[in-house]
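Heads up: the protein sequence lines correspond to chains A and B, in order.
Numbered according to full-length UniProt numbering, the first sequence spans residues 1 to 161.
Numbered according to full-length UniProt numbering, the second sequence spans residues 1 to 261.
Here's the structure we're looking at; comments come further down.
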Amino acid sequence: MTEVTMVVNGKSVTKSVKGNTLMSEFLREELRLTGTHVGCDTSQCGACVVHVNGEAVKSCTMFAAEANGSEVKTIEGMENPDGSLGVIQQAFQDHHGLQCGFCTPGMVMSAAALLKDNPKPTEAEIRDYLEGNICRCTGYHNIVKAIMAASGQDVTSIAAE
Amino acid sequence: MYSFDVENPETVADAVAALGQDEAQALGGGQTLIPTLKQRLAAPSVLVSLSGIAEIKGVSADGGAVVIGGGTTHGTVANEAGAYGALAALAGNIGDPAVRNRGTIGGSLANNDPSACYPAAALGSGATISTNTRSIAADDYFQGMFETALDEGEIITSVSFPIPEAANYQKFEQPASRFALVGVFVAKYADGVRVAVTGASEEGVFRWSEAEAALSSNFSAEALNGLSVSADGMISDLHGSGAYRAHLIGVLTKRAVAAAS
């Protein structure tokens, strides 16, 4: 067992973890932050994407012990301080950027990482950036639209599905 | 996964000491090793994480070469190795953004997957791979599929890539895994052209010497007309036959020469 301390969504946590505890497992089962989803557990689908020190990572392919001392943000940390939906979350709701919703946490976290580096991405840049996030409902169109809207761009010109 | 401990050393010296333990294994970004552990294909007693070692991270340009710390992520190389554009572009096309934020150049080269991108860049550039004990020329480093010149417990601390006059990497992606079905790295230096091929051979990354000779006297796609690679020893699987891969080598080499800048 290793003791780890990290700041998760602004709150410091210290826990004892086994070496083989995945970050996704730690978040969901130790911290009960079940917004982070595990779809494939093989690093393909991206439902488990969280931010570690500001960078998007697949939490199913990182050990909790490696995150010692880091700052972590999950989907639960994306809301506004008053508890209302954050800008990206709201855009997903407004533009129906989800069908079954399983991939949504990862999509939102990847979108946030993209917009941090590229505040006004083109549709092609968004689709390229999301190559590691799979939506099994194939609902990509409105996800892309929601991300464009969240970046303050006009989405009326994007063809309806 | 089997059970193991994870250690987080902060210096190369501490990591080397930790790797001296029985059944210890180095953990780079984990983007290959963690899936391997999940399948119970490896059973280390201790994983020594290299991701907290600041001294092996970063990109610098130094006397005509780009030097990349062994613990540098693909994402950082893509953003910061602009002095060697073809290398930065290659790094920016590995996996997906989240994978590139964890996976490291040292991890990729130490694993030497026969379909990985970095081995083509290192061999195609005549890079020098430095470890905690020595420096190894790329020509001596790659020794077959998943085999390298590294000894037990040796850590890649940096990789030095001489900057070429022109270079390009062409990757024909296997669409599900996004690994290279075949990838060809072409680099033109004052003393000749190097052509390195990944994804194709059962022996892992290799240099296509016939193409190198032709391109060294005439650096144009036409110089490759009539040259071909034998299908013998090429990987043959459900994604492509050996003959298909051999054919792709010629096609991708021409494309790389045409696109080289």
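Every residue, glycine too, gets a C-beta built ideally from N, C-alpha and C.
Contact set for residue i: own chain, Cβ-Cβ below 8 Å, skip 5 residues either direction
i	result
Ser201 of chain B	Pro114, Gly233, Met234 and Ile235
Arg245 of chain B	Leu181, Val182, Gly199, Ala200, Ala231, Met234, Ile235 and Ser236
Lys38 of chain B	Met1
Own chain, CB closer than 7 Å to residue i, minus 5 neighbours either side, in chain order
i	result
Thr34 of chain A	Arg28
Gly8 of chain B	Contrary to the premise, residue 8 of chain B reads as Asn rather than Gly in this sequence. Taken in chain order, the residues that qualify are Ser49 and Gly52.
Asp22 of chain B	Ser45
Leu1 of chain A	What sits at residue 1 of chain A in the sequence shown is Met, not Leu. So the qualifying residues of the chain are Ser16, Val17 and Lys18.
Short CB-CB distance (under 8 Å) between residue i and chain C
i	result
Val49 of chain A	Among the protein chains in the structure shown, which are A and B, there is no chain C.
Limits of the unbroken alpha helix (DSSP H) element including residue i
i	result
Ile94 of chain B	Ile94 of chain B -> no alpha helix (DSSP H), and no H or E assigned at all.
Ser45 of chain B	Counting along the chain, Ser45 of chain B falls outside any alpha helix (DSSP H), and DSSP gives it neither H nor E.
Asp62 of chain B	Not the alpha helix (DSSP H): Asp62 of chain B falls in the beta strand (DSSP E), residues Val59 to Asp62.
Tyr84 of chain B	Premise fails: Tyr84 of chain B is in no alpha helix (DSSP H) and is neither H nor E.
Start-to-end residues for the beta strand (DSSP E) that takes in residue i
i	result
Ser201 of chain B	Run containing Ser201 of chain B: none; DSSP gives neither H nor E here.
Phe92 of chain A	That residue, Phe92 of chain A, is in no beta strand (DSSP E); its alpha helix (DSSP H) goes Val87 to Asp94.
Lys15 of chain A	Lys11 to Val17
Tyr244 of chain B	Run containing Tyr244 of chain B: none in the beta strand (DSSP E); it sits in the alpha helix (DSSP H), Gly242 to Ala259.
Glu71 of chain A	Glu71 to Lys73
His51 of chain A	Val49 to Val52
Ile68 of chain B	Ala65 to Gly69
Closest residue to residue i among the options (Cα-Cα distance)
i	options	result
Tyr2 of chain B	B:Ala214, B:Phe142, B:Ala43 and B:Phe219	B:Ala43
Cys40 of chain A	A:Ser59, A:Lys18 and A:Gln99	A:Ser59
Gly75 of chain B	B:Ala91, B:Gln143, B:Phe206 and B:Leu238	B:Ala91
Pro119 of chain B	B:Gly144, B:Asn101, B:Arg134 and B:Glu222	B:Gly144
Asp140 of chain B	B:Ala116, B:Ala176 and B:Leu109	B:Leu109
Gln25 of chain B	B:Arg178, B:Val66 and B:Val6	B:Val6
Gly97 of chain A	A:His37, A:Val4, A:Ala65 and A:Ala150	A:Ala150
Val59 of chain B	B:Ala243, B:Thr157, B:Gln31 and B:Ala259	B:Thr157
Thr5 of chain A	A:Ala65, A:Ser43 and A:Asn20	A:Ala65
Val49 of chain A	A:Met148, A:Tyr140 and A:Leu130	A:Leu130
Thr198 of chain B	B:Thr72, B:Gln170, B:Gly69 and B:Ser216	B:Gln170
Glu55 of chain A	B:Leu47, B:Asp62, B:Ile56 and B:Thr73	B:Thr73
Ser24 of chain A	A:Gly86, A:Cys45, A:Phe92 and A:Phe63	A:Phe63
Gln174 of chain B	B:Ile155, B:Gly240 and B:Ile249	B:Gly240
Asn101 of chain B	B:Asn79, B:Glu210, B:Ala65 and B:Glu152	B:Asn79
Gly20 of chain B	B:Asn111, B:Gln31, B:Phe185 and B:Ile155	B:Ile155
beta-carbon residue i near the ligand HEM non-hydrogen atom, thresh 7 Å
i	result
Ala176 of chain B	Among the components of this structure there are no ligands whatsoever, and the ligand HEM is therefore not found.
Contact under 8 Å by Cβ, residue i with residue j
i	j	result
Gly124 of chain B	Arg40 of chain B	no
Val257 of chain B	Phe219 of chain B	yes
Ala121 of chain B	Leu87 of chain B	yes
Val72 of chain A	Phe92 of chain A	no
Gly46 of chain A	Gly132 of chain A	yes
Phe142 of chain B	Leu252 of chain B	no
Cutoff 6 Å; reference residue i; Cβ partners in own chain excluding five residues on either side
i	result
Ser70 of chain A	Met6, Val52 and Asn53
Ala61 of chain B	Ala83
Ile56 of chain B	Gly69, Gly70, Gly71 and Thr157
Pairing CB atoms from the region 151-167 of chain B with CB atoms from the region 183-199 of chain B, are three or more of them under 8 Å? yes
- Item | Any 3 or more C-beta pairs closer than 8 Å across the region 110-121 of chain A and the region 11-23 of chain B | no
If contact is defined by three or more beta carbon pairs under 8 Å, each pair taking one atom from either stretch, is the region 98-108 of chain A in contact with the region 123-137 of chain A? yes
- Task: Check whether the region 11-20 of chain A touches the region 44-62 of chain A, taking contact to mean three or more Cβ pairs, one atom from each stretch, closer than 8 Å.
- Result: no
*Segment contact, 8 Å Cβ cut-off, at least three pairs: the region 92-99 of chain B with the region 124-141 of chain B*: no
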